[in-house]
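Residue numbers (the numbering used here): 2 to 558.
We put the beta carbon where it would ideally sit given N, CA and C, even for glycine.
Please read these numbers as outputs of a predicted model, since none were measured by experiment.
Accompanying notes for the structure given below.
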Amino acid sequence: MNKTKKNKLRFIILSAALVCCLGVFYAFKAQDRNFLISKNFDIFHSLFRDLNLFYVDSVDVDQAFSNAIDGLLSSYDPYTSYIPESQMSELKYMTTGEYGGIGAVISKRGEAIIVAEPYENMPAQEAGLLFGDELVEIDGISMEGKTVSFASDCLKGQPNTSVELLIKREGEKKLIKKTLQRKLIQMNPVEYAGLLRPGVGYVYLSSFTDKSYQELRQTLINLNKQGAQSLILDLRDNGGGLLSEAVSICNLFVDKGEVIVTTKGKAPQWDKTYRTLMEPLFEDMPVVVLTNTLSASSSEIVAGALQDLDRAVILGSRTFGKGLVQTTRELAYNGVLKVTTAKYYIPSGRCIQAVNYANGRSGRLPDSLTTQFSTRNGRPVRDGGGISPDVSCVQKEYSDFCWQLVNNLYFFDFANDYYRKHPKITSVENFKLSEQDFNDFKNHIRNSDFRYELHSKSKLNELKKTLESEGYWEDVSDDFKSLESKLVHDLDKDLETFRPDIERILSLEIIRRYYYQKGEIQESLKTDECVSKALDLLMNRESYKAILQPSKQQAAL
Numbered sequence: 002m003n004k005t006k007k008n009k010l011r012f013i014i015l016s017a018a019l020v021c022c023l024g025v026f027y028a029f030k031a032q033d034r035n036f037l038i039s040k041n042f043d044i045f046h047s048l049f050r051d052l053n054l055f056y057v058d059s060v061d062v063d064q065a066f067s068n069a070i071d072g073l074l075s076s077y078d079p080y081t082s083y084i085p086e087s088q089m090s091e092l093k094y095m096t097t098g099e100y101g102g103i104g105a106v107i108s109k110r111g112e113a114i115i116v117a118e119p120y121e122n123m124p125a126q127e128a129g130l131l132f133g134d135e136l137v138e139i140d141g142i143s144m145e146g147k148t149v150s151f152a153s154d155c156l157k158g159q160p161n162t163s164v165e166l167l168i169k170r171e172g173e174k175k176l177i178k179k180t181l182q183r184k185l186i187q188m189n190p191v192e193y194a195g196l197l198r199p200g201v202g203y204v205y206l207s208s209f210t211d212k213s214y215q216e217l218r219q220t221l222i223n224l225n226k227q228g229a230q231s232l233i234l235d236l237r238d239n240g241g242g243l244l245s246e247a248v249s250i251c252n253l254f255v256d257k258g259e260v261i262v263t264t265k266g267k268a269p270q271w272d273k274t275y276r277t278l279m280e281p282l283f284e285d286m287p288v289v290v291l292t293n294t295l296s297a298s299s300s301e302i303v304a305g306a307l308q309d310l311d312r313a314v315i316l317g318s319r320t321f322g323k324g325l326v327q328t329t330r331e332l333a334y335n336g337v338l339k340v341t342t343a344k345y346y347i348p349s350g351r352c353i354q355a356v357n358y359a360n361g362r363s364g365r366l367p368d369s370l371t372t373q374f375s376t377r378n379g380r381p382v383r384d385g386g387g388i389s390p391d392v393s394c395v396q397k398e399y400s401d402f403c404w405q406l407v408n409n410l411y412f413f414d415f416a417n418d419y420y421r422k423h424p425k426i427t428s429v430e431n432f433k434l435s436e437q438d439f440n441d442f443k444n445h446i447r448n449s450d451f452r453y454e455l456h457s458k459s460k461l462n463e464l465k466k467t468l469e470s471e472g473y474w475e476d477v478s479d480d481f482k483s484l485e486s487k488l489v490h491d492l493d494k495d496l497e498t499f500r501p502d503i504e505r506i507l508s509l510e511i512i513r514r515y516y517y518q519k520g521e522i523q524e525s526l527k528t529d530e531c532v533s534k535a536l537d538l539l540m541n542r543e544s545y546k547a548i549l550q551p552s553k554q555q556a557a558l
């Protein structure tokens, strides 16, 4: 045997030995892990057995195990969760937008359950339920002191079954009885669509259920027939949903065969590449995608993929940063484990997950530690913190004064009263709050027991305590008291100071009583700064195209 053959044989023997050693190592490692699992199961079993036998009071078994499961899963990301059989309808609603019920949003007001919003053309609205109606009884069960979840379960049921309601209505002396027929409630993910200017279509997409692609596709075809040559796709407040729907929606605008998203997990079975499978319907249509901090998951796939492929301008604020993929696993007794199995990566190769949940700890990745990637045209984009917009636009927030009016239902109540006094109003396009309407609202607040605390005053009280504890109070007390005397409530002044915001909120609430969700969205577009900015951009094609190209400095790199 020559020297070359000896070396080759020695290499084969060493390689085989190494493989055997690695196999033995991983076998021992797997055995150690299996032993730890078995050991801890035994500990938990014996612990619960003795707890159940010897604890001084009776143990609620279901609650104890529910708490144990919650404790186990709390060490991981907030998207990994256990869904018991009793909550499967919620999972179905998340993925399909469907449930059996009456089609209404309910909420708590004191100890009462009220109708916060009946949906248009659904059983609640068709039966005459109004905003603010109190549900005294559902099928003979008193709702006093009950939770919203309990009341919701009572209202839901199989389609074509009936539910009896006993209602207390403002302005009515007697309780009202109504029998409603439950239906299959199908929430359309396209909540509003229309032409904002000649040639410019607008679509508000609220979720990514299993019907989102088909609904959006048909909506865009209809808008195109009406003359839409460009599009504003509004994904603000859209928390996401099905990944497959996001890929299909991207396919409306990008070529067949494009990689939209890649998923990578611990197990090879979760490593997948999702490509567009069809020819696009709107390949050349200019698109502006609106995002905000609540645009997450599938919304970020659509926004991020269209940005990476330089197919759309992203306008708004940075998105949430959820780059994790969940899969459902069926468990015993019809339960389901929703578990994070992979991270997703958009066309440039970046993952936009903002928070690192490794080792049971969460922490947002600082911008300084993110990595730069490039779009198809060479524009710089970064990973690790959501999708940053190409054009920044942040909606003005309402004042604390206005939020206190909202949270205490003053707008809600005034709009209900307005509806009782005005059976009909003009169209959304022509509606405008009158001077008398605003004065009526001011009187509504003046005659109420509205009490509000200035946020600045509460902070001042905190500062006072700090100054006292640090021994500086005597030195600054006179200046402090002078400042404190100026922070005095002036209701009339505040109502005038924040009049623009008050009129906007009031208009939205009133419109909602007559034209429901679609009308509210349509009304909101009148004063939407980001929509206005998107319209200007689409009307100036040169500016639109320039944003999708790298700057001269970037192109030279």
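Its chain contains LEU325, THR341, TYR358 as the residues whose beta carbon lies nearer than 7 Å to that of ASP78, once the 5 sequence neighbours on both sides are disregarded; these appear in chain order. Distance between VAL288 and VAL201, taken at the CA atoms: about 10 Å. DSSP lists no bridge partner for ASN440. Taking a cut-off of 8 Å on C-beta distances, the stretch 241-254 touches the stretch 202-212, as three or more cross pairs fall below it.
Around the beta carbon of LEU176, fewer than 16 other beta carbons sit within 10 angstroms, so the residue counts as exposed. Here PRO501 is exposed, its C-beta having fewer than 16 other C-beta atoms within 10 Å. Note that the stretch 377-392 touches the stretch 294-313; at least 3 beta-carbon pairs, one per stretch, sit closer than 8 Å. Listed in chain order, the non-local C-beta contacts of LEU526 below 8 Å within the same chain comprise LEU197, TYR203, VAL532, local neighbours out to five positions each way being set aside.
Bounds of the alpha helix (DSSP H) holding THR97 are 89-97.
Contact annotation: LEU434 and LEU536 have beta-carbon atoms that are not nearer than 8 Å. Taking 8 Å as the cut-off, the beta carbon of GLU521 is found closer than this to the beta carbon of LEU509.
A distance below 8 Å separates the beta carbons of ARG514 and PHE132. In this structure, the beta-carbon distance from CYS251 to VAL303 falls below 8 Å.
Taking a contact as a CB-CB distance under 8 Å, the pair LEU316 and ASP391 counts as one, their CB atoms being some 7 Å apart. Less than 8 Å divides the Cβ of ALA105 from the Cβ of ALA125. Within the stretch 486-534, the alpha helix (DSSP H) runs of at least 4 residues that lie entirely inside it are, in chain order, 492-498, 500-525.
For GLN215, there is no enclosing beta strand (DSSP E); the residue is found in the alpha helix (DSSP H) stretching over 213-226.
For PHE402, the closest alpha carbon among the candidates TYR56, HIS490, TYR473 is that of HIS490. Counting C-beta pairs with one atom in each stretch, the stretch 84-103 and the stretch 181-191 have three or more that are closer than 8 Å, which means they touch. Taking 8 Å as the cut-off, the beta carbon of LYS460 is found no closer than this to the beta carbon of LEU488. Separation of GLU135 and LEU166 (C-alpha to C-alpha, rounded to the nearest whole angstrom) is 10 Å. Between ASN53 and LEU92, the alpha-carbon positions lie close to 32 Å from each other. Excluding the 5 residues flanking it on each side, PRO199 has same chain C-beta neighbours closer than 8 Å at GLY228, in chain order. For PRO381, there is no enclosing alpha helix (DSSP H); the enclosing beta strand (DSSP E) has its first and last residue at 381-383.
In the three-state DSSP reduction, GLN126 falls in the helix class (H, G or I). Here GLU86 is exposed. Its C-beta has fewer than 16 other C-beta atoms within 10 Å. No Cβ-Cβ contact shorter than 8 Å links THR292 with ILE353. Per DSSP, the continuous beta strand (DSSP E) segment holding TYR345 begins and ends at 337-346. When the alpha-carbon of GLU259 is set against those of GLY385, THR274, ASN68, LEU181, the nearest one is in THR274. Ranking ASP529, ASP238, ASP51 by CA distance to the CA of ALA297 puts ASP238 first. By the Cβ neighbour-count rule, TYR334 is exposed, with fewer than 16 other Cβ atoms within 10 Å of its own. Minimum Cα-Cα distance from GLY350 among the listed residues GLY385, PHE283, LEU37, THR328 corresponds to GLY385.
Per DSSP, reduced to three states, the secondary structure at GLY350 is coil, with no helix or strand assignment. Taking all protein chains in view, the Cβ of ILE261 is crowded by 16 or more other Cβ atoms within 10 Å, so the residue is classified as buried.
Shown here, ALA247 sits in a helix according to DSSP, grouped into three states.
Between VAL137 and ILE107, the CB-CB gap reaches or exceeds 8 Å.
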